[in-house]
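Undergrad: Got a structure for you, questions after.
Protein chains in written order, with my numbering: chain A, 60 to 460; chain B, 60 to 460.
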């Protein structure tokens, strides 16, 4: 049976991560692939308590529809947290989202027509490309170093693309590289955006999971022209299964995004918003975040120490001050995807995310994203050691051949 | 300060309903506007129990990320419920959504490019237009009578628009009219869709809230060519604040929608999915639904009886067998929006939804949607009586002038 209507649907490419995660579902395999927070850190007792209050004491409201931008109380609480970060805003500037991810979709829906240009870091967050791609943009990419986006390269890109719609950046502990944009580059970035009249989409899911050094001001805190759309998330500081994030934007942009949110899914779960609002009221979230930071610092140190001890010299890696990832760079010509399929999975029983799909324009196969957040200390040591031994063998084999 | 980037964003029109609901926020006003279920029917104790189990016993999974199409257990439970409706499917055909509303967005995202044609009922669900409009479709509309879409008119529309992307229908107790598509028209509709090779988007949020007569088979149950995308919802049988609905579609379409869901918001709340799955396992939802039906039947009867007793003869209304709405038709030339602003709100302190925005192409101002689900019996009687008295006065004034 040939059905023509199928030809009239857009083609959607399966996510490379998704396919690899299916490979890594074998329990014998130690996976550093998924960008999952450590589930042992979820505050179950506290969450149970606030859900119980939300349902039994507030259920007639908390299980009903509410406004599309989210319950006012939680928006006010977020605005207050944002003020502490140097972002001037009130609850009307805050829009509650189905995770930060939904902000990527709605901003693209608001701004991008087929063929419009988005500027991304190179590499960039794969989920952002999944959100943007259905709107059929073109991409221009800006290389990164250990201080984030190369601002000179960005200026050349802006000068060559005056109609660029927005610059997408993950300034804190970027996914996939773990790199943080320096303070001076944050200031240069906002100046460039002002000069070239372009929107910045600042995505900060890992921002509060800084385990070393001082927190840097968000780009949005330098925004005097209402051109930064800031995205935050409860996924890494509370739990991703709640699906709650937020946008902070100008009144005008927040209203546009709210109307798009209304059409996209009406609103976020009233119950989950009510429960998180109660959580912020009833408990001090800061010691909880401090505990996450401490745990991830220990895991990051363990992973990087194990890499130093077991990996061949030819493999370099980033040193994140927060977040969940380090980024491996192999020698030119090394295909991390092929190596995983043909050797790491069958021989070392280890999975990671090959780096190629993180590049919006020109895939570079000699990279991999490795997450230290999900696995136990024992499995981090065991898995990274196994991968290191295999990589050393492979390097020797390559040199011998 | 003039910022050019704002000109590069799409224009989003505020929802007419939203503006009117803000007018109706005054507690002195009896609003029949919102399409809200009766919150006194939410099963708070049972929901509290399943959320507690989901968090305390399953929290490491239930608060973590999961697959984008939703937890397998809940998909299997929905597939089983669908089988009882005559829809052959398995859990791979089911995609959990952020309310049925998200299905409208994702189907439009999958199928609609700027200028593509969508066929809707006339009038149609306002939220569907809010979901479709950002993709900039054209619309063709098909008139309805008491048995749903006029199938002869639909055939003429299809013949004149061979490239139509899909037909959008709410066959059970339609929003806004409360009308149900007859069995024979359901069969004629699927035959026409097969002949003209077009997709049907069957949206059924009120389907299980039938309080009179026999349930009719879903259009999807007659689908032999995988061209019907079925949308269901827990909003009216459990609680809208959970934001859970589902799509049933062919393997191919379900996979495409899942990838779009991944980009749009990653997934629904794992916790809410786990809790609803536990609810379906732990409790019998059927007596709960029976209670909703009984309550809405009583309220519908009260509202329609009060309309019969108090409204002028010139106003006609639909007689729904389920759902939450009746649809008023005033004399030609009557402007229900203007009447609400200028008289019903200030004089009778009553709100409804003026009908004009429910028409995708040509707004007809002499209609209104009235919901009997939200208000208490006392307020239904009081509000409808006040509106009836005011309408009678208005009719007399119009005849006298």
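Glycine is no exception: its CB is placed at the ideal position from the N, C-alpha and C atoms.
Is it right to say residue 405 (chain B) is buried, meaning 16 or more other beta carbons lie within 10 angstroms of its own, or is it exposed?
TA: Exposed, because fewer than 16 other Cβ atoms sit within 10 Å of the Cβ of residue 405 (chain B).
Undergrad: For residue 396 (chain B), list the residues DSSP reports as bridge partners.
TA: Answer by DSSP bridge pairing: none, since residue 396 (chain B) is not bridged.
Undergrad: Identify every residue that forms a DSSP beta bridge with residue 293 (chain A).
TA: Residue 293 (chain A) is not bridged to any residue.
Undergrad: Helix, strand or coil for residue 226 (chain A) per DSSP?
TA: Residue 226 (chain A): strand per DSSP, three-state reduction.
Undergrad: Starting from the Cα of residue 228 (chain A), find the closest Cα among A:457, A:150, A:188, A:333 and give me that residue.
TA: Nearest option by C-alpha distance: A:188.
Undergrad: For residue 361 (chain B), would you say it is in contact with chain A, using Cβ-to-Cβ distances shorter than 8 Å as the test?
TA: No, because no Cβ of chain A sits closer than 8 Å to the Cβ of residue 361 (chain B).
Undergrad: How about residue 168 (chain B): is its C-beta nearer than 8 Å to some C-beta of chain A?
TA: Output row for residue 168 (chain B): interface = yes.
Undergrad: Relative to chain B, which residues along the segment 146-167 of chain A have a C-beta separation below 7 Å, given in chain order?
TA: Within the segment 146-167 of chain A, the qualifying residues are 157, 158, 160, 161, 164.
Undergrad: Contact criterion: CB-CB distance below 8 Å. Does residue 324 (chain B) meet it with respect to chain A?
TA: For residue 324 (chain B), the answer is yes, since a Cβ of chain A falls inside 8 Å of its Cβ.
Undergrad: Compare the C-beta of residue 340 (chain A) with all C-beta atoms of chain B and state if any pair is closer than 8 Å.
TA: False, the Cβ-Cβ gap to chain B never drops below 8 Å.
Undergrad: Where in the segment 250-318 of chain A do unbroken runs of the beta strand (DSSP E), each at least 3 residues long, occur, reported from the N-terminal end onward?
TA: Counting whole runs of 3 or more residues, the segment 250-318 of chain A contains the beta strand (DSSP E) stretches 258-262, 287-292, 304-307.
Undergrad: Since residue 202 (chain A) sits in a beta bridge, which residues does DSSP pair it with?
TA: The partner list for residue 202 (chain A) (beta bridge, DSSP) reads A:181.
Undergrad: Between which two residues does the beta strand (DSSP E) containing residue 428 (chain A) stretch?
TA: Taken as a continuous stretch (DSSP letters only), the beta strand (DSSP E) holding residue 428 (chain A) covers 426-430.
Undergrad: Between residue 291 (chain A) and chain C, is there a C-beta pair that is closer than 8 Å?
TA: In the structure shown, chain C cannot be found, because the protein chains are A and B.
Undergrad: Could you tell me the alpha carbon to alpha carbon distance between residue 134 (chain A) and residue 456 (chain A), rounded to whole angstroms?
TA: For residue 134 (chain A) and residue 456 (chain A), the distance between alpha carbons rounds to 57 Å.
Undergrad: How far does the alpha helix (DSSP H) with residue 439 (chain B) in it extend, from its first residue to its last?
TA: Segment 436-459, the alpha helix (DSSP H) holding residue 439 (chain B).
Undergrad: Looking only at C-alpha atoms, which of A:368, A:394, A:381 sits nearest to residue 350 (chain A)?
TA: Ranking A:368, A:394, A:381 by Cα distance to residue 350 (chain A) puts A:381 first.
Undergrad: If we count Cβ pairs, one from each stretch, closer than 8 Å, do we get three or more for the segment 330-350 of chain B versus the segment 423-442 of chain B?
TA: Short answer: they don't touch.
Undergrad: Identify the contact partners of residue 111 (chain A) in chain B, using a Cβ-Cβ distance below 7 Å as the criterion.
TA: Ordered by position in chain B, the residues that pass the 7 Å Cβ test against residue 111 (chain A) are 107, 111.
Undergrad: Flag residue 456 (chain B) as yes if its beta-carbon sits less than 8 Å from any beta-carbon of chain A, otherwise no.
TA: Closer than 8 Å: no.
Undergrad: Can you find the residues in the same chain that come closer than 6 Å, C-beta to C-beta, to residue 266 (chain A), ignoring five residues on each side of it along the sequence?
TA: Closer than 6 Å at Cβ, skipping near neighbours: 231.
Undergrad: What residue does the beta strand (DSSP E) around residue 370 (chain A) start on, and which one ends it?
TA: Element bounds for residue 370 (chain A): n/a, residue is neither H nor E.
Undergrad: On the CB-based measure, 16 or more other CB atoms within 10 Å of its CB, does residue 292 (chain A) come out buried or exposed?
TA: Looking at its Cβ environment, which holds 16 or more other Cβ atoms inside 10 Å, residue 292 (chain A) is buried.
Undergrad: In its own chain, which residues sit with a C-beta less than 6 Å from the C-beta of residue 394 (chain B), not counting the 5 before and 5 after it?
TA: The residues are 424.
Undergrad: Would you please verify whether the beta carbon of residue 124 (chain B) is less than 8 Å from any beta carbon of chain A?
TA: By this cut-off, residue 124 (chain B) is an interface position.
Undergrad: So which residues on chain B does residue 380 (chain A) lean against when the C-beta distance must stay under 7 Å?
TA: Those do not exist, as residue 380 (chain A) stays about 24 Å from chain B at its closest Cβ, beyond 7 Å.
Undergrad: Please tell me whether residue 328 (chain A) has its Cβ less than 8 Å away from any Cβ of chain B.
TA: Chain B contact via Cβ: present.
Undergrad: Around the Cβ of residue 202 (chain B), are there at least 16 other Cβ atoms within 10 angstroms (buried) or fewer (exposed)?
TA: Burial call: exposed.
Undergrad: Would you say residue 319 (chain B) lies against chain A (beta-carbon separation less than 8 Å)?
TA: Answer yes: the Cβ-Cβ gap between residue 319 (chain B) and chain A drops below 8 Å somewhere.
Undergrad: Is it true that the CB of residue 331 (chain B) sits closer than 8 Å to the CB of residue 39 (chain A)?
TA: This structure gives no information on residue 39 (chain A), because the portion of chain A shown stretches from 60 to 460.
Undergrad: For the beta strand (DSSP E) containing residue 384 (chain A), list its first residue and its last residue.
TA: Per DSSP, residue 384 (chain A) belongs to the beta strand (DSSP E) from 384-388.
Undergrad: What are the residues in the segment 192-220 of chain A lying within 8 Å of chain B by C-beta distance?
TA: Per Cβ criterion, the list reads 192, 193.
Undergrad: Is residue 118 (chain A) close to chain B? Criterion is C-beta to C-beta, closer than 8 Å.
TA: Chain B contact via Cβ: present.
Undergrad: Spell out the partners DSSP gives residue 155 (chain A) in its beta bridges.
TA: Beta-bridge pairing links residue 155 (chain A) to A:305.
Undergrad: So within the segment 96-169 of chain A, which uninterrupted beta strand (DSSP E) runs reach at least 3 residues, ignoring any that extend past its ends?
TA: Whole beta strand (DSSP E) segments, 3+ residues: 153-156.
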